[in-house]
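Chains as they are written, first to last, in the working numbering: chain A, 1 to 285; chain B, 1 to 285; chain C, 1 to 285; chain D, 1 to 285.
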C-alpha cells in the first residue's frame with residue numbers, strides 16, 4: 001500500500017468548503033480513499049477528515065501543508081492537521097502496578113494490530129518491568145516522592161523527547177501528571193478512568209460505585225487536561241453488575257472494560273480519527 | 001393458577017437459616033415454586049425471597065405472618081414482608097407533559113402484561129388527560145403553585161388513600177415530591193431519572209451530557225428518598241451516542257431508554273422482587 | 001421550518017462526484033443542512049444522502065429531479081430518489097393479536113415523535129380493533145383462509161392504494177405476505193422478526209432459542225423480500241438472558257426488544273435515511 | 001484463605017432437597033460460603049452449587065464424596081461433582097496462528113487473575129511459539145496432515161495426560177478436533193466461535209455476516225461436542241457494526257469480542273460454575 005495523507009480540519013461552516021477541499025485533492029490527482037465530515041449546527045462549525053493516496057499527487061508532500069494553508073486555511077479560518085501514513089506515531093506507556101492494560105497493548109503491538117512504535121514503558125514502580133521486557137520494550141523506572149517529583153518529571157520529559165514520543169498512554173498510572181507534561185503533550189495524553197465519567201471522578205471509583213448501588217459500571221478513556229478526569233472523552237463502555245457483585249468483582253469486571261475501552265481510544269488516536277474541539281471529541285468513522 | 005405466598009426477608013447471616021425457612025414451608029405442605037437467596041459477606045446479611053403455593057398449605061394465610069414472626073423472625077432478628085399473589089398492588093402514575101412512559105405503562109397494563117391495578121393518573125398539568133382517558137383510567141389534575149403546594153399535596157394524599165394506592169410511579173413528573181408523600185410511601189415511589197446516576201443529578205441531564213461530551217447516555221429508575229436523585233437504584237440502562245447527536249437527539253434516544261428502564265423497574269416492584277437494604281436494592285432473579 | 005429536499009443516491013464511484021453534487025446545490029443557492037456519504041471500496045460504489053433548504057433554491061421543486069437526472073444521473077449512472085419534507089410518508093400497520101408494537105407506534109405518532117401519517121391499521125384478526133380505535137385510527141379486518149387469501153389480498157391492496165399508503169409495517173403480523181404485495185411495495189414493507197437473524201429463521205424463534213441454550217436473544221427489523229426473513233436488515237438489537245429464563249420469559253423480554261427495534265427501523269425509514277443496495281442497507285447517520 | 005469444597009449437582013426436583021443438602025453441611029460444621037440453586041420447572045430438575053469451608057468440617061475430605069453419594073446421591077438420583085479449591089484445574093491451550101486469545105489468557109494467568117495451571121500450549125503451526133515462550137509456557141508443535149492426523153492426535157492425547165491436563169481451550173485453533181479427543185475430555189474442551197451462534201456456523205463467519213448485512217456481530221464460547229459448533233453455550237457477546245465496516249473491520253472488532261467472551265467462559269469453568277445439562281449450561285452466579 002502506498003503512502004496516504006490524512007487531513008483533519010475544522011472551521012466556521014459556510015457553503016462550498018467541502019466541494020473546495022475535495023476539489024483541491026482531485027484536481028491535483030489525489031485519489032481520495034476516505035472522507036468523513038460533520039457540521040455542528042449549534043456552533044456552526046464544519047469538521048472534516050479526508051485521506052488520499054500520495055502516489056501521483058501533483059503537490060510534493062512537504063509542500064502540501066503550505067499550499068493548503070495559503071489556499072484554504074486562511075480563507076476559511078481553518079485549523080487543520082496533516083499526517084502522513086508512513087510516519088508512525090510513537091507511544092509511551094505509563095504504568096504503575098496493574099498489568100492488564102499494558103499487556104493488552106503490548107500484545108496488539110506485537111501482533112501487528114497497531115501502526116505504532118512503542119519506544120518505552122515508564123513507571124513509578126518496578127513491578128511491571130518483566131511485563132515490558134517480555135515484549136522487548138525498554139522499561140524506565142522513575143520512583144516519585146514529594147521531594148523528587150519535579151526533577152523526576154523533568155527527567156521523564158527529557159526521556160520522552162529523546163525517544164521522539166508523540167503521545168502518551170496512562171495505562172492505570174496512579175500518579176497525577178503535572179501541568180508541565182500536559183502542556184508538552186496537549187490532547188496527546190490518553191488516560192483510562194475506571195468509571196463511567198462524569199460519575200465517580202477521582203480515587204476508588206469501584207468502591208464508590210459499590211457504595212452507591214449502581215447496576216452498571218463503566219470505563220472512560222479521555223485526553224488529560226489540567227482538570228482531573230474532566231478532559232475530552234474519546235470512548236466509554238459499560239458492563240452490567242448485580243447486588244451479588246462485591247467490590248472485588250467490580251474491580252475484576254472493570255479490568256476487562258478498561259483494557260478494551262483504552263485500546264479502542266488508542267486505536268482511534270493512532271488512526272488520526274480524533275479531533276478535539278471545545279473539550280469534546282469528534283470521532284471520525 | 002392458585003394463590004401463592006411471597007416472602008422477602010433479610011437478617012444477620014448464620015448457619016441454618018435457609019434450611020429452617022425452606023423446612024418451615026415444606027413441612028407445612030407448601031410447594032415451593034421459587035427460591036432465591038443472597039449473602040452479603042461484607043455486611044454478613046442473609047437475603048431471601050421464597051414463594052410457595054398456598055393450596056394445601058397447613059397454616060391459614062392470615063396466620064402465616066404471625067407464625068413466621070414467632071418462629072423465626074424474632075429468633076433471627078429478621079425483617080420480612082409477606083405478600084399474596086391474589087392481592088394486586090395498586091399503582092398511581094404521576095405525570096406532567098411527556099407521554100412516552102405513561103403510554104408504555106398503560107399499553108402493558110391493557111395488554112395484561114402486568115399484574116397490577118391502576119386506579120388513577122395524577123398530573124400537575126392538563127396535557128395528558130386524553131392519554132389516560134384513552135385507556136379508561138381516571139385522570140386527576142392538581143395544578144401546583146408555590147401557594148397551594150402544601151394543600152394540593154394533602155388532597156393528593158387523600159386521593160391516593162381513598163383509592164387504596166400501594167405504590168406510586170413518577171413517569172417524568174416534573175415536580176419534587178414532598179417529604180410527607182415520601183414518608184407515606186417509603187421505598188414505594190419509583191422515579192425515572194433521565195441520566196446514568198450518579199452522573200448528572202438534577203435538572204436537564206441531557207443538556208449536561210451533551211455539554212460534557214459523553215459517548216453513552218443512560219436512564220436510572222430508583223426509589224425516591226428525601227435526597228434528590230439519591231435513592232436506591234432499581235434499574236439502569238444506557239445507549240451509545242456520537243458527536244453527531246444534538247441535544248434533541250439525546251432527548252429522543254433517551255425517551256426509549258426511560259420508558260424501558262422504568263417499566264423494568266415497575267415490573268420488578270410488582271413482582272415483589274425488590275428488597276431495599278441500606279439505600280441499595282437486592283433484585284431477586 | 002421551511003421545506004427541505006432529501007436526495008439519496010448511489011453510483012459507481014469516481015473522483016469528483018461529491019464535489020459536483022454539493023456544487024449543484026450550493027451554486028443554485030440551496031443551503032445544505034445535512035450530508036452523509038459512504039464509499040464501498042470493495043464494490044466501488046458511492047452512496048450519498050444530502051438535504052437542503054428549498055427556500056431561495058433557484059430550481060423549482062418540480063423540476064429538480066429532471067435537472068439532476070440530466071446533469072448527473074445519466075453521466076454517473078446514478079440511481080437516486082428525491083423526497084420533500086412536506087410530503088409525509090403514509091404508513092399502514094399490519095397486526096394480528098399482539099399489541100406491543102402497535103401501541104408503541106401509535107403512542108409515538110400521537111405524541112408527535114414521527115413525521116408520518118397513519119391512515120389505517122389492517123389485521124387478519126379482530127382483537128386489536130380497540131387498540132387502533134383508541135387512537136382514532138381506522139381498523140380494517142381481513143380474515144384470511146386458504147380459500148380467500150388471494151381475493152382478500154386484492155382487496156387489501158386496493159385499500160392501501162385508496163389510502164395513498166407509501167409503506168407498510170408488519171407489527172408482528174402472523175401471515176406470510178404474498179409476492180404481489182411485496183412487488184407493489186418493494187423495500188417498503190418493514191417486518192420485525194423476533195430473533196437475531198439469520199439465527200432462528202421462521203416460526204417460534206424464542207422456543208428455538210430456548211432449546212439451543214443461547215445466552216443472548218435478539219430482534220431484527222428488515223425489509224420484506226420474497227425470501228422469508230432474508231430481506232435487507234435495517235436494525236437489530238439484543239438482550240442478555242440466563243438459564244433461569246423460561247420460554248415465557250424470553251417472549252416477554254423479547255417484546256421490549258421487538259418494539260424498540262421496529263420503531264428505530266420505522267424512524268429511519270420515515271426520515272429517508274435507509275438506502276437498499278444488494279440486499280443490504282446503508283443507514284445514513 | 002482455607003480450602004473449600006465445591007459441590008455441583010442436579011437431580012429430579014422434589015421437596016426438601018435444598019434443606020437436606022444445606023443441613024448435611026451445617027450439621028457437620030461446614031461453613032457455607034456460597035450457595036446458588038435453580039429449578040427448571042419445565043423439566044422438573046433441581047440444580048445446585050454449594051461451597052463450604054473445610055476447616056473444622058467433620059467429614060474428612062477424601063470421604064465426602066462417598067458419604068454424599070450414600071446419603072443423598074442414590075436417594076435423589078443425583079449426578080454430582082465435587083471439587084476442592086486447592087486442586088487447581090490444569091489447562092492446555094490449543095492455538096494456530098492468531099495470538100489475541102492466547103495473549104489475553106497468558107496475561108491473566110501471569111497477573112494471577114486465574115486460579116489455574118497452564119502446563120502447555122499446543123499448536124499445529126510454529127507461529128505462536130514466541131508468544132508462549134515469552135510467558136514461560138512450554139510450546140508443542142504438532143503439524144497436522146491428512147496422513148498423520150490420527151497418529152498426531154494420539155501423541156497429543158498422551159502429552160495431555162502426561163501433563164495432567166484437566167481441560168482444553170481452543171483459542172482460535174483452526175483444526176476440527178477428533179471424536180477421540182472429545183470423548184477423552186467430555187464437556188471439558190472450550191471453543192471460541194467467531195459468530196453469534198447458531199448464526200454463521202462453520203468457516204468464515206465474518207465474511208458470511210458481512211454478506212448478510214447484519215448490524216451486530218457476536219462471538220460464542222461453548223463446549224465442544226461431536227456436532228460442529230453445536231455444543232453447550234457458555235457465554236456470548238456482541239458488538240454493533242455499520243455498513244461502513246469492511247470484512248477486515250469485522251475481523252478486527254471480532255477479535256476483541258472473542259478474547260473477552262472466551263476468557264469469561266474459561267473463568268466460569270475454572271471457578272467450577274458451569275454445569276452441563278441436555279446440551280445447555282447452567283451458569284451459577
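No residue lacks a Cβ here, since even glycine has one placed at the ideal position from N, Cα and C.
Legend entry - Residues near residue 242/D in its chain [Cβ-Cβ closer than 8 Å; skip 5 each side]: 215
Legend entry - residue 256/D in three-state terms, based on DSSP: helix
Legend entry - Alpha carbon of residue 208/A to alpha carbon of residue 200/A, nearest angstrom: 7 Å
Inset, instruction - Just mark residue 205/B as buried or exposed, buried being the case when its beta carbon has 16 or more other beta carbons within 10 Å. - result: buried
Legend entry - Rounded straight-line distance, which links the Cα of residue 230/C to that of residue 202/C: 10 Å
Inset, instruction - Taking residue 221/A as part of the beta strand (DSSP E), name the residues at either end of that continuous run. - result: 216-223
Inset, instruction - Compute the distance between the beta-carbons of residue 57/B and residue 28/B, then report whether it is under 8 Å. - result: yes
Inset, instruction - Quick one: which residues of the region 7-28 of chain B get their C-beta closer than 7 Å to a C-beta of chain D? List them in chain order. - result: 15, 16, 18, 19, 22, 23, 26
Legend entry - residue 63/A versus residue 282/A: straight-line alpha-carbon distance, rounded: 27 Å
Legend entry - Alpha carbon of residue 217/B to alpha carbon of residue 42/A, nearest angstrom: 20 Å
Legend entry - beta strand (DSSP E) segments (min. 3 residues) lying fully within the region 56-129 of chain D: 79-84, 90-95, 117-123
Inset, instruction - Give the range of the alpha helix (DSSP H) segment to which residue 157/B is assigned. - result: 149-162
Legend entry - Three-state secondary structure assigned by DSSP to residue 277/B: strand
Inset, instruction - Determine, using beta-carbon pairs with one atom in the region 178-191 of chain B and one in the region 99-114 of chain B, whether at least three such pairs fall under 8 Å. - result: no
Legend entry - N- and C-terminal bounds of the alpha helix (DSSP H) containing residue 212/A: 205-212
Inset, instruction - Return the bridge partner residues of residue 229/A from the DSSP annotation. - result: None, per the DSSP bridge assignment.
Inset, instruction - For residue 11/D, collect the residues of the same chain with a Cβ closer than 6 Å to its Cβ; drop the 5 residues on either side in sequence, then sort them by chain order. - result: 46, 76, 77, 78
Legend entry - Interface partners of residue 260/B on chain C, CB under 8 Å: 256, 260
Legend entry - Classification of residue 105/C by the beta-carbon crowding that lies within 10 angstroms, buried from 16 upward: buried
Inset, instruction - Would you list the residues sitting across from residue 239/B in a DSSP beta bridge? - result: 217/B
Legend entry - In DSSP terms, what residue 244/A is bridged to: The partner list for residue 244/A (beta bridge, DSSP) is empty, contrary to what the question assumes.
Legend entry - Other residues of its chain near residue 38/A: CB distance less than 7 Å, five sequence neighbours each side excluded: 47, 282
Inset, instruction - Anything in chain B within Cβ reach of residue 37/D, meaning under 7 Å, just list it in chain order. - result: 35
Legend entry - residue 283/C (DSSP reduced to helix, strand or coil): strand
Inset, instruction - May I ask you to list, following chain order, the residues of the region 185-213 of chain D that have a beta carbon less than 8 Å from some beta carbon of chain C? - result: 196, 197, 198, 199, 200, 212, 213
Inset, instruction - Quick one: give me the first and last residue of the beta strand (DSSP E) that residue 4/C is part of. - result: 4-12
Inset, instruction - Using only alpha-carbon positions, find the residue among 284/A, 212/A, 176/A that is nearest to residue 227/B. - result: 212/A
Legend entry - Range covered by the alpha helix (DSSP H) that runs through residue 179/B: 179-184
Legend entry - Neighbour flag for residue 47/A against chain D, beta carbons, 8 Å: no
Legend entry - 7 Å CB neighbourhood of residue 73/B in its chain, flanking five on each side removed: 80
Inset, instruction - Assign residue 99/B to one of two classes, buried (16 or more other C-beta atoms within 10 Å of its C-beta) or exposed (fewer than that). - result: buried
Inset, instruction - Taking 8 Å as the threshold, find out whether the region 255-268 of chain A comes into contact with the region 4-20 of chain B through three or more Cβ pairs. - result: no
Inset, instruction - Helix, strand or coil for residue 193/B, going by three-state DSSP, please let me know. - result: strand
Legend entry - Contact belief for residue 162/C with residue 270/C at Cβ below 8 Å, rounded distance in angstroms: The pair is not a contact, with the Cβ atoms about 21 Å apart (cut-off 8 Å).
Inset, instruction - Measure the alpha-carbon distance for residue 120/D versus residue 268/D and round it to whole angstroms. - result: 20 Å
Inset, instruction - Using a Cβ-Cβ cut-off of 8 Å, state whether residue 138/C counts as contacting chain D. - result: no
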